[in-house]
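In what follows, a structure is listed as structure tokens, so that the remarks can point back to it.
In full-length UniProt numbering, the protein residues as written are 1 to 207.
Next comes the structure, spelled out in structure tokens:
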């Protein structure tokens with residue numbers, strides 16, 4: 001059973017608009033001048049925000065360019081999300097990932113610009129992989145803890161192996177769908193039915 005994302009309030013929409021402006025400015029500057037030459041000051045000027053506002057949204061310059069490492073909930077907060085899909089661990093991890101982000105909207109323009117940036121600049125690829133690994137580590141750690149707490153839902157003997165495979169699967173499906181979101185206008189939504197379709201596609205590929 002899929003869960004519909006909760007509608008956003010005005011405050012959340014305003015916050016996301018500011019975040020989109022920061023990211024669009026950061027990636028545009030990186031495309032124009034090179035990743036290594038982008039400064040926080042230049043991002044703030046182009047996005048028309050203060051330095052303090054920038055750091056309210058992003059802890060460092062690199063995260064504005066390639067996307068922030070996602071702070072994953074821990075303990076009971078994370079377990080509650082994973083409990084919502086006990087027999088489909090990848091779906092539970094998908095829900096946990098977007099619960100940590102706080103919304104399921106993907107800005108199409110930012111997605112397009114980042115795809116172009118990674119195609120043109122190897123440094124952007126390195127930064128993206130570093131951020132992805134940081135988020136994956138936290139997701140995997142939480143998932144291992146949940147599997148140990150609920151061995152009745154485990155499908156493999158090793159919680160570490162099962163968690164690592166499931167998290168890698170989720171990141172792969174999100175990456176595979178990014179080109180679809182990049183073709184949208186404005187914000188695209190990460191829908192659970194699309195995720196489940198991607199799961200079916202994986203099964204088809206595996207035979």
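Ideal Cβ placement from N, Cα and C applies to all residues, glycine included.
Assuming residue i and residue j make a contact with CB atoms under 8 Å, what is their CB distance in whole Å?
i           : j           : result
residue 138 : residue 93  : Contact doesn't hold; Cβ gap of about 11 Å is too wide.
residue 90  : residue 199 : 6 Å
residue 132 : residue 171 : 7 Å
residue 108 : residue 186 : 6 Å
residue 106 : residue 190 : 6 Å
residue 62  : residue 156 : The Cβ separation is near 35 Å, so there is no contact.
Do residue i and residue j have their C-beta atoms closer together than 8 Å?
i           : j           : result
residue 87  : residue 153 : yes
residue 65  : residue 40  : no
residue 146 : residue 97  : no
residue 181 : residue 175 : no
residue 103 : residue 166 : no
residue 164 : residue 141 : no
residue 55  : residue 22  : no
Is it buried or exposed, residue i, if we count other Cβ atoms within 10 angstroms and call 16 or more buried?
i           : result
residue 47  : buried
residue 135 : buried
residue 129 : exposed
residue 119 : exposed
residue 183 : exposed
residue 162 : buried
residue 192 : buried
Which one of the options has the shortest CA to CA distance from residue i?
i           : options               : result
residue 68  : 59, 76 and 75         : 59
residue 150 : 12, 204 and 84        : 84
residue 33  : 123, 130, 106 and 128 : 123
residue 17  : 148, 127 and 49       : 49
residue 169 : 196, 120 and 117      : 196
residue 57  : 20, 204, 76 and 75    : 20
residue 173 : 14, 202 and 125       : 202
residue 95  : 121, 143, 51 and 158  : 143
residue 121 : 31, 15 and 14         : 31
Does the structure place the segment 10 to 28 close enough to the segment 112 to 124 that three or more beta carbon pairs sit under 8 Å?
yes
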